[in-house]
């Protein structure tokens, strides 16, 4: 075995790792006659021992305790936000269901207009459009139908939509923007 | 027949804070030590542990048990976070050119003086030199030597073949020895030990 071969297996030799049959014997035969390679193996053994000492010393190293506290606080906040979001979606779904009931039961007027075009006709009498979270992202460029409905003021609250003081009636009029797929995308109130 | 118990990560996803605590206590020490020995900076290591676990809290669906253990996932996050802060990895190509594959750098003939140092100083000296290794070599030394993980575990964590881990470790150790023998701090410590200045 040559010095170069010893260098290629020095890690295995210094850590007493298993070698192929016969290879260890050949390495030992070389080492017995080569001072330089013996020193090389000894250097690697010394390094391995020091790394093992470093590993033992590290066994007690832990992150600062305050990190766990901060993470727990972040987790609680995340859970709180998640619960609020879930509630908001549930409320929106309930609102959309209520709208559907009114659409069926209260007689609606329907126009084939997008919300932005419609707003030019009645800008002084309506609120802005509020997206309905349960129906996905709302885009003013979406095509669809505008449907005027009447609904109880409490439905606006359920939807999480603020209503103006002057609207303050028990029953509100509103324009619901329905996408081409028939899903309510947004709502605005008429006063 | 009893229903299988939900895993810790499933419990955490459903809002169980005790599950998060258990995951953190189980996984964070190794993640922190990895970040610490890779960066050499306790503040950076703390920040990285925090960021890795925050990512798990905010996006638990990012961990897919079918693709590996949670510890491997957290190590992957930690490596990505560290990568942005480490410059050593950029030197890999330079090192590869300097020491082509299959031709590890020659080690010094002896570390007698180094061995004469007391344990704490040797450990300190090795830790300092580990920090000067290029990132890919540092990773295998930290995982295989400082965390005493098997080649197979290290390979899974780093997404490498076992043979690659083995050859990197070979080269990393040879580099470590060379750097130790050239390290100014080590020479100073050696001189102190020879003149009786060492503890």
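Residue numbers (the numbering used here), protein chains in the order written: chain A, 502 to 692; chain B, 16 to 214.
By construction, the Cβ of each residue, glycine as well, lies at the ideal position given by its N, Cα and C atoms.
Here the structure is a predicted model, which means the values were calculated and not measured.
Taking the Cα positions, residue 691 of chain A is about 17 Å away from residue 685 of chain A. Excluding its 5 nearest sequence neighbours in each direction, residue 152 of chain B has C-beta neighbours in its own chain below 7 Å: 183, 186, 187, 190, listed in chain order. Between residue 169 of chain B and residue 180 of chain B a beta carbon distance of about 5 Å is seen, short of the 8 Å cut, so the two are scored as contacting. Between residue 536 of chain A and the set A:526, A:504, A:571, the nearest pair of CA atoms involves A:504. A Cβ-Cβ contact shorter than 9 Å links residue 161 of chain B with residue 555 of chain A. When secondary structure is reduced to three states using DSSP, residue 193 of chain B falls in the helix class. Excluding residues up to 5 positions away in sequence, nothing lies with its Cβ nearer than 6 Å to the Cβ of residue 61 of chain B in the same chain.
At the C-beta level, residue 64 of chain B and residue 47 of chain B come within 9 Å of one another. In this structure residue 672 of chain A is exposed. Its beta-carbon is surrounded by fewer than 16 other beta-carbon atoms within 10 angstroms.
A distance below 9 Å separates the beta carbons of residue 538 of chain A and residue 507 of chain A.
Here residue 515 of chain A is buried: its Cβ has 16 or more other Cβ atoms, across all protein chains shown, within 10 Å. In the three-state reduction of the DSSP assignment, residue 540 of chain A falls in the helix class, which pools H, G and I. In the displayed model, residue 631 of chain A falls within a strand according to three-state DSSP. Here DSSP, grouped into helix, strand and coil, assigns residue 534 of chain A to helix. For residue 61 of chain B, the residues of chain A that pass the 8 Å Cβ criterion are 564, 565, 568, in the order they occur in the chain. In this structure, the straight-line span from the alpha carbon of residue 579 of chain A to that of residue 139 of chain B is close to 41 Å. Counted as a single uninterrupted DSSP element, the beta strand (DSSP E) harbouring residue 685 of chain A occupies residues 685-691.
The three-state reading of DSSP puts residue 518 of chain A in coil, since its state is none of H, G, I, E or B. Closer than 8 Å at the C-beta level to chain A, one finds these residues of the region 61-85 of chain B: 61, 64, 65, 68, 69, 72, 73. Around the beta-carbon of residue 645 of chain A, 16 or more other beta-carbon atoms lie within 10 Å, marking it buried. Here the alpha carbons of residue 511 of chain A and residue 78 of chain B stand approximately 39 Å from one another.
By the neighbour-count definition (other C-beta atoms within 10 Å, threshold 16), residue 569 of chain A is a buried residue. In the structure shown, the three-state DSSP call for residue 161 of chain B is helix. A Cβ of chain B is located within less than 9 Å of the beta carbon of residue 577 of chain A.
For residue 133 of chain B, the three-state secondary structure derived from DSSP is coil. Within 7 Å of the CB of residue 163 of chain B, the CB atoms of chain A belong to 556, in sequence order along the chain.
According to the DSSP assignment, residue 676 of chain A belongs to no alpha helix (DSSP H) but to the beta strand (DSSP E) extending over 672-680. Neighbours of residue 548 of chain A in chain B, taken as residues whose beta carbon is under 8 Å from its own, are 126, 141, 188, 191, 192, 195 in chain order.
Going by DSSP, residue 653 of chain A is part of the beta strand (DSSP E) stretching over 645-653. DSSP, read as helix, strand or coil, puts residue 74 of chain B in coil.
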